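One structure below.
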Amino acid sequence: MLVIRLTRVGKKKQPTYRVVVQDKLRDPWGRALEIVGTYNPRTKPKTIKFDEERIKFWLSRGASPSATVNNLLVDAKIAKGPKAKATVGHKKKEKK
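In terms of the working numbering, the sequence shown opens at residue 23 and continues consecutively.
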């Protein structure tokens, strides 16, 4: 299964991200099928560049975007629909 997600690049404490198409089971820092954009959250305003044509191609082939990428695509009006709730980490199980 293919997924469109972010891969962190950049120096320590200065993250920038690549928007990549990968197999879901592959390591996020591993080899990607294609780089389809970049995202820099540190600039004012945030810098987002997408190859819209290639993203639409991969979405038509069945690739699913991660929650964060989905929200960026909705903001850029490339994808339609509601924003997804992005979760970080795992929820701790409550003890009874």
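Where a beta carbon is used, it is the ideal one built from N, C-alpha and C, also for glycine.
These numbers were taken from a predicted model, which means no experiment stands behind them.
Q: Might you give, ordered along the chain, the residues of its own chain that have their beta carbon closer than 8 Å to the beta carbon of residue 60, omitting 5 neighbours on each side?
A: 38, 39, 40, 41, 69, 70 and 71
Q | Distance, residue 90 Cα to residue 108 Cα | A | 6 Å
Q. Can you tell which of 51, 103 and 73 has its C-alpha closest to the C-alpha of residue 28?
A. 51
**Q.** Own chain partners of residue 73 with C-beta closer than 7 Å, once the 5 adjacent residues on each side are dropped
**A.** Beyond the five residues adjoining it in sequence on each side, residue 73 comes within less than 7 Å, by CB distance, of 58 and 59 in the same chain, given in chain order.
Q) CA-CA distance, residue 48 and residue 23? A) CA-to-CA, the gap between residue 48 and residue 23 works out to about 10 Å.
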